[in-house]
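Structure first, commentary second.
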């Protein structure tokens, strides 16, 4: 993509110039420019200068075009638990597409003569080294404007190569007559594998001496080398610039010293592909040190092996932890993993497309607090159980929750209040910052059929709530007209306080259910008998 600046370099006034080079390049400028050059513009360029009718000997220069690699594809995520190390052969990974390229190099000079039966060197090409790690896939010699002079035949012309690569005398036409050869001959170079700097001679001769000079003329010759090369992967701690912490794949940031495995967190690394000093754009990958242990408990059905799960970054949907696929049937299975502080999303999948019949799952933190409780909802999904609207969960958990007597209550009716436990910091804002302090209730179905968040402030508590600092802690189900709470369905509730406009983290989950009607209780009659206990 850069410009090639060629310099004729003549100090003789009134000189004219003639340039030639790859891609049929030609110019009469003394110092021509090739704008936004591509890979095919690399190769040997020749120039002659003419002054007062005298033509100089040709001068040449080799332009090496370095390809820019494509951006690598990264694994995006790798996770360990705090205090642990990365197992050998693991870590952040990336792949890069091998670069397919070619060099087209013109032999210096033009109008090379062929005469006599002895091969004679007509031009010598200095071949530059290929990029480090290059592997030659094929090579060929191309000849242009080849003409056999009468009475010589085109079939008598022989071309060979010497020096670093040897090609025996090769016939380039079978035509038993003089004249031009069309199309231009292309000669495969079997076994060509040169990757370092080298020198190759172009030799011409005839199979039969017709006694004329020249027997034939080759207008120009070109060596074409096709190759592939795998760029090097380099890992940095910034999108641009930054510190290079290592190369290759996999990359272990702990061993490299870029990450302290005792400190939980998510660390971004940026990988680029580098080839011969030219670098691609960088792709990001995240290394997670989990300082929050979480457990996922399943009660499986008759097809436990159908169940798998993954925890992904909410923002990117990239998988960080995963498991399942080998659970027993009708068993209680527990997976324990770890996550750094952040926002995460749980996805539970069922290969049988029928959920967990009669079972379910619960996600808990290290203290046993429930994050998502779907212990009674395994029948409520088919192939995927996940929160609606890309819902996720934050770690660590907050402490706000419903009052203890209402946790897991399954017989609410629409007239009842769901009550948050008092948060002293929220209560302290009553009469101080009423409009932006209160409680947010998050009501959701773990299977994704329902999710609603309701914020109740000191300034706008729910109608019917008792007055005072705890009014905002009361949510009446029947007052939710838009997107009402579904009845006769097991849901979860989580609560977080808001203090002067700043939310805390959602606390632990509880199950609850609003029923469409309360069960009818049978009448009873007291027994008026002092002798009957």
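Numbering (the numbering used here), first residue to last: 120 to 652. Backbone N, C-alpha and C fix where the C-beta goes; we use that ideal spot for every residue, glycine too. Just so you know, these numbers come straight off a predicted model, no measurement behind them.
In terms of CA proximity to residue 276, 329 leads the group 307, 559, 378, 329.
Rounded to the nearest angstrom, the Cβ distance from residue 225 to residue 140 is 6 Å, consistent with a contact under 8 Å. Counting every other CB atom within 10 Å of its CB across the protein chains shown gives residue 195 a total of 16 or more, marking it as buried. Residue pairing of residue 522 in beta bridges, as defined by DSSP: absent, with no partner found. If you check the CB distance, residue 380 and residue 201 come in under 8 Å. For the pair residue 209 and residue 155, the Cα-to-Cα distance works out to about 41 Å. The beta strand (DSSP E) runs lying completely inside the segment 128-183 and spanning 3 residues or more are 135-140, 144-146, 162-170, 178-182, given in chain order. Going by beta carbons, residue 560 and residue 569 fall outside the 8 Å limit. The straight-line gap separating the alpha-carbon atoms of residue 489 and residue 378 is approximately 31 Å.
DSSP places residue 424 within a helical segment (H, G or I) once states are collapsed to three. Taking a contact as a CB-CB distance under 8 Å, the pair residue 631 and residue 615 does not count as one, their CB atoms being some 17 Å apart.
Counting only runs of 3 or more residues that sit fully inside the segment 271-350, the beta strand (DSSP E) segments are 276-282, 286-290, 305-307, 317-325, 335-348, in chain order. In the structure shown, residue 564 falls within a coil segment according to DSSP collapsed to helix, strand and coil.
One Cα belongs to residue 267, the other to residue 230, and the distance between them is close to 12 Å. In this chain, the beta strand (DSSP E) harbouring residue 385 covers 384-394. Judged by DSSP secondary structure, residue 237 falls outside any beta strand (DSSP E); it is assigned neither H nor E.
Counted as a single uninterrupted DSSP element, the alpha helix (DSSP H) harbouring residue 544 occupies residues 543-546.
Per DSSP, residue 378 is not a residue of any beta strand (DSSP E), being assigned neither H nor E.
For the segment 469-546, the full-length beta strand (DSSP E) segments reaching 3 residues or more read 479-484, 489-493, 512-514, 528-531, 536-538 along the chain. About 5 Å separates the beta carbons of residue 233 and residue 334, which is inside the 8 Å limit, making them a contact pair. No Cβ-Cβ contact shorter than 8 Å links residue 571 with residue 505. Three or more Cβ pairs closer than 8 Å define a contact, and the segment 347-366 meets that threshold against the segment 242-258.
For residue 617, the enclosing beta strand (DSSP E) covers residues 610-618. In the three-state DSSP reduction, residue 597 falls in the helix class (H, G or I). Residue 546 sits away from residue 521, with the two beta carbons spaced by 8 Å or more.
Distance from the CA of residue 517 to the CA of residue 484, rounded to the nearest whole angstrom, comes to 11 Å.
Annotation for residue 442: the continuous beta strand (DSSP E) segment containing it runs 438-443. Listed as beta-bridge partners of residue 223 by DSSP are 343.
At the C-beta level, residue 542 and residue 576 stay beyond 8 Å of one another.
For a cut-off of 8 Å, the C-beta gap from residue 474 to residue 501 is around 6 Å, short enough to register as a contact. In the assembly as shown, residue 592 is a buried residue. Its beta-carbon has 16 or more other beta-carbons within 10 Å. Only residues of its own chain outside the window of five on either side were considered, and among them 197, 211, 372, 378, 386, 388 have a CB closer than 7 Å to the CB of residue 406, listed in chain order.
In this structure residue 292 is in contact with residue 274, their Cβ atoms being roughly 6 Å apart against a cut-off of 8 Å.
If you compare the alpha carbons of 376, 486, 213, 456 with that of residue 392, the shortest gap goes to 213. Within the same chain, and ignoring the five residues on either side of residue 189 in sequence, the residues whose Cβ sits closer than 8 Å to its Cβ are 215, 216, 218, 392, 399. Boundaries of the beta strand (DSSP E) around residue 199: 196-200.
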